[in-house]
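Chemist:
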Amino acid sequence: MNRLSQSKSPYLLQHQHNPVDWYPWGEEALNKAQHEDKPILVSIGYSACHWCHVMERESFEDEETADLMNAHFVCIKIDREERPDLDNIYMEALQAMGVQGGWPLNVFLMPNQKPFYGGTYFPNKQWKNLLGSIANAYKNHHGQLLESAEGFGRSIRRSELEKYGLKAAETGLEKAEIELVLDKLTAQFDLEWGGMNRKPKFPMPAIWLFVLDAALLGKDQELLEKVFFTLKKIGMGGIYDHLRGGWARYSVDGEWFAPHFEKMLYDNGQLLELYAKAYQGSGDEFFKEKVLETVDWIDAEMLQSEGGFFAAQDADSEGVEGKFYTWKYEELEAVLGEDLSWFKKLYNLKYQGNWEDGVNILFQTEPYADLAAEIGLSEKAYRERLQQIKTKLLTVRNRRIYPGLDDKVLSGWNGLAIVGLAQVFLATGSEKALSLAKKNGKFLWEKMFKGQVLYRSYKDGQAYTPAFLEDYAAVIRGYISLYQATFESDWLLKAKELTDLVLEQFYDEGDGFFFFNNPTAEKLIANKKELFDNVIPASNSIMARNLQDLGLYFYQEEYHAIAEHMLASVKRLILTEPGFLCNWASLMLHTLVPKAEVAVVGTGAIEKGKALLSSYQPNMILACSETPTNIVPLLEGKTADSEGNALIYVCFNRACQRPVAAVADAVAQFPTLV
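In this note's numbering, the protein residues as written are 60 to 733.
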């Protein structure tokens with residue numbers, strides 16, 4: 060048993076019995092490399108990573124391979140979900156080497172932590188050859204490796220401003236710029252299957268949240284339908300778990316058919332938000348079905364006993380990817396009997412299997428209404444019958460061996476889940492969604508925020524690893540969402556407290572952006588800033604949007620100034636590569652079309668607030684109180700009418716409209732893109 064046995068990370072614990080003498084990242088391993096003058100092998104992965112498991116079985120469990128690794132290297136295993144800061148650094152190094160990134164990520168470092176070579180997955184024979192070559196080069200060509208490492212070290216340490224030529228633009232925003240961004244995005248849409256026109260296909264919620272908001276604010280029905288079309292295709296695809304709810308991380312094809320079966324909390328939190336907003340914008344019951352099923356999945360399979368949410372479910376069970384989720388035709392016949400005749404048409408099931416190894420993935424290509432009409436049922440009756448079948452199949456599936464569970468709690472991913480759950484409550488009135496969100500918010504504050512430090516990870520009653528910007532930003536976003544869902548001011552005050560800590564510990568006054576890691580917490584070879592939105596939006600873009608909203612709630616000009624500077628600095632990038640900066644594009648949209656600052660005060664304020672939130676308004680922040688209060692500055696000085704009944708105040712761009720009593724009259728005062 061190696062040194063990983065003392066870890067809490069499920070991924071590191073998976074490697075504790077490897078014959079490789081693994082170390083976790085830390086002083087012991089780094090000092091050993093210096094003292095023994097050995098190169099460092101850093102291997103980074105995560106518990107739900109299929110090819111990480113394959114490389115472990117082929118190489119890290121092989122005695123001959125382990126002997127090579129132990130003889131010539133100090134071997135460090137890192138869970139990328141616990142240490143995204145290190146993953147960011149060495150992934151950037153790999154890309155600087157001209158290698159496409161991915162996991163497992165295997166990087167060779169000099170004893171001073173500077174990288175000189177790397178790659179992703181290697182078959183065992185190739186891996187052993189590489190180990191021998193690098194050991195030989197370290198002994199006989201040390202100077203060349205040192206020179207190479209210095210070059211990659213310089214590349215990693217370059218500031219984002221220098222690398223991308225960022226500088227604050229002096230001009231304001233124009234509608235034509237939003238139109239340019241939309242034109243560039245829509246040119247990449249897959250008009251047949253939805254999503255972006257590429258393979259493999261990731262849902263990319265930040266893109267669709269931006270396009271949804273732009274379509275609503277621009278009153279562009281054609282663009283809105285493109286968003287709904289994509290969400291229908293994703294929700295009908297094999298990427299969605301039709302029996303239990305929840306989305307897999309991506310589909311390997313262009314049709315959303317065959318997923319990489321791992322389910323990540325961060326994807327599902329964002330997709331809950333997106334689908335809930337789509338339901339509010341369309342009234343389509345299909346979107347409601349998906350969010351409520353996914354809430355049930357989080358409650359049943361991802362909920363930790365104290366209220367936290369687990370990180371991920373693996374793609375593999377019994378060593379086979381997707382085995383838990385797929386079906387042999389004979390199994391379906393045995394469970395469903397004559398019901399299989401219509402069920403197989405709904406999900407494109409075949410006797411010989413519709414996927415590899417003779418198994419079937421549930422994959423819907425036609426809408427319920429069309430299929431219901433074919434068998435003479437109303438859509439409502441068809442859905443009811445389908446629900447009975449799903450329950451029956453789920454009962455059978457639950458007897459199978461479950462995929463591996465990554466049972467650590469990550470604060471940032473939990474923050475994203477809170478946002479999604481709060482939006483589901485606003486869209487559907489689901490008390491389960493609200494209860495899960497509130498308990499999770501309380502858990503994060505009580506268990507993962509200690510001594511004015513938020514922690515990244517939690518397991519077995521212990522919070523560990525100080526949080527990164529990603530965590531602070533997402534938890535702040537979650538607390539803002541909880542305030543919108545409950546009008547309990549304590550959530551908003553928590554968001555502000557965390558924001559002030561971020562400004563104190565992560566903000567770089569030199570360029571006006573935030574470091575991903577707290578530079579004073581641990582000395583790394585580079586302190587990075589995350590700018591590009593990916594499957595999770597960039598931590599800087601989330602933080603900028605937080606500052607925009609909290610600046611309005613608390614009348615904090617400093618917050619506004621920082622957010623505006625950040626946006627101005629990345630504006631050129633947004634216009635050039637919007638597909639990788641869509642959360643920034645959302646900030647741009649909500650700056651061009653200023654957010655309505657809505658305050659409702661007086662008897663009936665909560666009821667009117669809920670009515671305002673029941674239909675999705677993209678550019679609104681809302682504060683409500685039944686009585687006059689100054690706890691939230693946005694409410695300060697606002698009063699009820701002469702009889703004490705609630706009035707709605709709409710302000711934007713530092714000007715207030717006439718107070719009104721009716722929700723419809725208030726919405727009519729909101730700015731639009733038209």
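C-beta: ideal position from N, C-alpha, C; glycine also.
Within this structure, are the beta carbons of E140 and L464 separated by less than 8 Å?
Modeler: no
Chemist: Using three-state DSSP, classify V354 as helix, strand or coil.
Modeler: helix
Chemist: Hey, would you say F345 sits closer than 8 Å to K291, going by beta carbons?
Modeler: yes
Chemist: Taking only the alpha-carbon atoms, compute the straight-line gap between D668 and Y223 and give it to the nearest angstrom.
Modeler: Per the sequence shown, the amino acid found at residue 668 is Gly instead of Asp. G668 and Y223: Cα-Cα distance of roughly 43 Å.
Chemist: Indicate the three-state DSSP secondary structure (helix, strand or coil) for P83 in the structure shown.
Modeler: strand
Chemist: Suppose the cutoff is 6 Å on Cβ atoms and the five residues either side in sequence are ignored; what does the same chain contact list for I103 look like?
Modeler: I137, R139, D146 and L164
Chemist: State the start and end residues of the unbroken beta strand (DSSP E) segment that holds E123.
Modeler: No beta strand (DSSP E) holds E123; the alpha helix (DSSP H) holding it covers E122 to H131.
Chemist: Leaving out five residues on either side along the sequence, give the residues of the same chain with a beta carbon under 6 Å from the beta carbon of S548.
Modeler: I690 and V691
Chemist: Between which two residues does the beta strand (DSSP E) holding Q521 run?
Modeler: Q521 to P525
Chemist: When we look at the beta-carbon of Y461 and count the other beta-carbons within 10 Å, is it buried (16 or more) or exposed?
Modeler: exposed
Chemist: Looking at the strands, I want to know which residues DSSP matches up with M255.
Modeler: M255 is bridged by DSSP to F248.
Chemist: Using DSSP bridges, identify the partner residues of W386.
Modeler: N419
Chemist: Per DSSP, P318 forms a beta bridge with which residues?
Modeler: Note: P318 sits in a beta bridge opposite S310.
Chemist: Please go through the segment 478-533 and give each complete alpha helix (DSSP H) segment of 4 or more residues, from N-terminal end onward.
Modeler: 490-506
Chemist: Nearest-angstrom Cα distance between R216 and T686?
Modeler: 53 Å
Chemist: Would you call the segment 233-240 and the segment 625-637 in contact, with 3 or more CB pairs under 8 Å?
Modeler: Judged by Cβ distances under 8 Å, the segment 233-240 makes contact with the segment 625-637, as three or more pairs qualify.
Chemist: Counting along the chain, where does the alpha helix (DSSP H) carrying C641 start and finish?
Modeler: C641 to L651
Chemist: So L453 and L302 are supposed to be a Cβ contact under 8 Å. How far apart are they, rounded?
Modeler: 5 Å
Chemist: Can you say whether I434 is buried or exposed, counting buried as having 16 or more other CB atoms within 10 angstroms of its CB?
Modeler: exposed
Chemist: In three-state DSSP terms, what is I298?
Modeler: coil
Chemist: Are G638 and L244 close, meaning C-beta to C-beta below 8 Å?
Modeler: yes
Chemist: DSSP three-state label for K582, please.
Modeler: coil
Chemist: Put N171 into one of helix, strand or coil per three-state DSSP.
Modeler: coil
Chemist: My understanding is that G366 touches K498, with C-beta atoms under 8 Å, so please give their C-beta distance in whole angstroms.
Modeler: 4 Å
Chemist: Got a sec? Which residues, its chain only, sit under 7 Å from F711 by beta carbon, not counting five neighbours each side?
Modeler: P653, K654, A655, E656 and P730
Chemist: Given 8 Å as the limit, is there contact between the segment 100-114 and the segment 155-173, that is, 3 or more CB pairs closer than that?
Modeler: yes
Chemist: Please specify which runs of the alpha helix (DSSP H), each continuous and at least 4 residues long, are wholly inside the segment 424-451, giving them in chain order.
Modeler: Counting only runs of at least 4 residues, the segment 424-451 fully encloses the following alpha helix (DSSP H) elements, listed from N- to C-terminal order: 427-433.
Chemist: Look up L567 in the DSSP assignment and give the residues it is bridged to.
Modeler: According to the sequence shown, residue 567 is Asp rather than Leu. D567 is bridged to F572.
Chemist: Distance check for G510 and K97, CA to CA, integer angstroms please.
Modeler: 38 Å
Chemist: Under 8 Å by Cβ, that's how I've got I745 and L606 pegged, so tell me the actual separation to the nearest angstrom.
Modeler: Since the first residue of the chain shown is 60 and the last is 733, residue 745 is not available in this structure.
Chemist: Are the C-beta of F261 and some C-beta of chain C separated by less than 8 Å?
Modeler: No chain C is part of this structure, which consists of one protein chain only.
Chemist: On the criterion of 16 or more Cβ atoms from any shown chain inside 10 Å, does D696 qualify as buried, or is it exposed?
Modeler: The question names Asp, but residue 696 in the sequence shown is Gly. By the neighbour-count rule (16 or more Cβ atoms within 10 Å), G696 is not buried but exposed.
Chemist: Looking at G471 and G500, is the spacing between their C-beta atoms short of 8 Å?
Modeler: No, the Cβ-Cβ distance between G500 and G471 is not below 8 Å.
Chemist: When you compare only the Cα positions, how much space is there between I680 and T545?
Modeler: 13 Å
Chemist: Consult DSSP for D465 and reduce its assignment to one of helix, strand or coil.
Modeler: strand
Chemist: List the endpoints of the continuous alpha helix (DSSP H) containing C111.
Modeler: H109 to M114
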